[in-house]
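Enquirer: Below is the structure I would like to discuss, written out as structure tokens.
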Amino acid sequence: MASIMPLRVHDTRRREKVPFTTMRPGRVSMYVCGVTVYDRCHLGHARCYLAFDLIHRWLEASGYDVDYVQNFTDVDDKIIARANETRDGDWLGLVDEMIEGYYEDMDALNILRADHYPRCTEHVDGMVTIIEDLIERGHAYAAEDGVYFDVSSAPEKYGQLTGQSFDAVRAGAGGRVGGTGGGKRDHRDFALWKAAKPNEPTWPSPWGDGRPGW
């Protein structure tokens, strides 16, 4: 086995390079956000996963035991909309086809596969538990159309990793924020749980049937 090589990484919170250390000697738990499977991969996906493949390979070549997790977001507004447009609402069929397409594309680029590929829908119960905990801690609240994360509950911490101030959060939030309709208290708050709508997949929760939000 190769000896472990020293590595320095950029800490976005401290704004400086720091020595890379692991919680367990010689072992790395690596999570990379996966694709939302409503379409085939594009060049942006290729760039992202090639970059993390390089890190993955370097860690293993340096002697680390890597446990690599990459999820599939398999329920989302875009998935539901695409399934309604092209498959008479068969979102599961769309998801399965796009996941197989993802594997084909990554294999064609010779990208090493992760050790685990959990689907979001396999862990809805766990998400509900986390949302309950966030509400109990005062970091989320239930509204008529779902549950939202309350960004004002910790303004001194929100945005630390990206270097954004609390007031600047909205500028880079993309589609995750909008108006304050439906019971949302602040336009920066984002959905953790979305209330059920007709002809959409749903799961039970303490706030009524619905699905996770991102």
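Residues 1208 to 1421 in my numbering are what the sequence shown lists, from first letter to last.
Ideal Cβ positions, reconstructed from N, Cα and C, are used throughout, including at glycine.
Since this is a predicted model, take the numbers as computed values, not measurements.
For Pro1408, name the three-state secondary structure that DSSP assigns.
Expert: Translated into the one-based positions of the sequence shown, residue 1408 becomes position 201. The answer is coil: DSSP assigns Pro1408 none of H, G, I, E or B.
Enquirer: Thinking C-alpha only, which one of Ser1360, Val1354, Asp1322 is nearest His1263?
Expert: Locating residue 1263 in the sequence shown gives position 56, counting from the first residue. Closest by alpha carbon: Asp1322.
Enquirer: Measure the C-alpha to C-alpha separation of Ala1402 and Ser1269 and round it to an integer number of angstroms.
Expert: The count along the sequence shown starts at 1 and reaches residue 1402 at position 195. The count along the sequence shown starts at 1 and reaches residue 1269 at position 62. Whole-angstrom Cα-Cα distance: 47 Å.
Enquirer: In the structure shown, what three-state DSSP assignment does Phe1356 receive?
Expert: As a working note, residue 1356 is residue 149 in the sequence shown. DSSP places Phe1356 in strand when its eight states are reduced to three.
Enquirer: Rounded to a whole number of angstroms, what is the C-alpha to C-alpha distance between Asp1416 and Val1216?
Expert: Here the question's residue 1416 lines up with position 209 in the sequence shown. Here the question's residue 1216 lines up with position 9 in the sequence shown. Whole-angstrom Cα-Cα distance: 43 Å.
Enquirer: Put Leu1399 into one of helix, strand or coil per three-state DSSP.
Expert: Here residue 1399 corresponds to residue number 192 of the sequence shown, with the count starting at 1. Three-state result, Leu1399: strand.
Enquirer: When the Cα atoms are used, what is the spatial distance from Gly1381 to Ser1412?
Expert: Taking the sequence shown and counting its residues from 1, the one referred to as residue 1381 is at position 174. Taking the sequence shown and counting its residues from 1, the one referred to as residue 1412 is at position 205. Note that Gly1381 scores 49 on pLDDT, short of 50, meaning its location in the model is unreliable and no value can be drawn from it.
Enquirer: Tyr1188 by DSSP, collapsed to three states: which one?
Expert: As shown, the chain starts at 1208 and ends at 1421. That puts residue 1188 outside it, with no answer to give.
Enquirer: Run through DSSP, which three-state label would Gly1333 get?
Expert: Position 126 of the sequence shown, counted from the first residue, corresponds to residue 1333. Helix.
Enquirer: For Gly1241, tell me which candidate among Tyr1348, His1394, Glu1311, Tyr1324 has the shortest Cα-Cα distance.
Expert: Taking the sequence shown and counting its residues from 1, one reaches residue 1241 at position 34. Of the listed residues, the one whose Cα sits closest to Gly1241 is Tyr1324.
Enquirer: Would DSSP call Phe1259 helix, strand or coil?
Expert: Translated into positions along the sequence shown, residue 1259 becomes position 52. Helix, per DSSP.
Enquirer: State the start and end residues of the unbroken alpha helix (DSSP H) segment that holds Glu1311.
Expert: In the sequence shown, counting from the first residue as 1, residue 1311 sits at position 104. Start and end: 1298-1315.
Enquirer: How far does the alpha helix (DSSP H) with Asp1274 in it reach, from first residue to last?
Expert: The residue given as residue 1274 occupies position 67 in the sequence shown. No alpha helix (DSSP H) contains Asp1274, which is instead part of the beta strand (DSSP E) from 1272-1277.
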